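Mapping of the sequence shown onto mature numbering (1 follows the signal peptide of the UniProt record, and there is no 0): residues -19 to -1, 1 to 155, in sequence order. Don't be surprised by glycine CBs; every beta carbon is placed ideally from N, CA and C. Computed from a prediction, not measured in an experiment: that's the story for all the values here. Single-structure report; data block below.
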Amino acid sequence: MRKLFFLLMLFFSAAAVQAQSKIENLKVVWPEEYKWKVGSSQENEASHFMELIPEKESLDNWTIIGTMLSLKNVSNIPMDKAMNLFYSKTKNTAPGAKLTLIEKKDGIKNSWILFKVEVEKYLNNSKPESQVYYIVQGDATLYVNIVGVKEKTISKSFEEKWSKIFKSSQLVLE
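Written out as structure tokens, the structure is:
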């Protein structure tokens, strides 16, 4: 009986340790048609930042760029506030930037927001760049995914394509 009790305790202890060691991540299936490669990746205690570009392009010369940002230990941020924080950061360097809310689900465990920011030109660069943003609240991490193109506006087909991709992403424990 003691042996059985010991084995059960060992089993439940191992299961508890394994459950605690799993890390939450947002899994996004980035379309294979672009043949993505990691352009840059930086991580510290507060965040993880990664940029994806097509394999034959560079961070200095790209046609489409994907950005994944995980803000660790950030929770309970209203989605409108998160959107406005990113928009105001863009407005600092592109006063004419246009913000459009695409869709949001707020007030649920994993609230999310989808919006676009369209920029005709920046103060220090006359080239346009527009992005579709997807922000989702994890258990203790705020996940921000962005896809950008060097266009003044986001086409309806691009918006629909990336809205579908981002909304089909999943929070997973790995």
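Residue pairing from DSSP places Trp93 in a beta bridge opposite Lys86 and Val117. Beyond the five residues adjoining it in sequence on each side, Ile94 comes within less than 7 Å, by CB distance, of Met60, Ala63, Met64, Lys85 and Ile116 in the same chain, given in chain order.
A Cβ-Cβ distance of about 4 Å is found for the pair Leu33 and Gly47, placing them in contact under the 8 Å criterion. In the DSSP annotation of this structure, Leu66 is not part of any beta strand (DSSP E); the continuous alpha helix (DSSP H) holding it starts and ends at Met60 to Thr74.
With the rule of 3 Cβ pairs closer than 8 Å, the segment 135 to 146 counts as touching the segment 107 to 116. A Cβ-Cβ separation of about 6 Å places Val98 in contact with Leu80 under the 8 Å criterion. For the pair Ser107 and Glu101, the Cα-to-Cα distance works out to about 8 Å.
When the Cα atoms are used, Gln118 and Lys90 turn out to be separated by approximately 8 Å. Sequence-distant partners of Thr134 (beyond 5 residues in either direction) whose C-beta falls short of 7 Å from its own C-beta, in its chain, are Glu99 and Ser111. Contact check for Thr71 against Lys131 fails: the beta carbons are separated by 8 Å or more.
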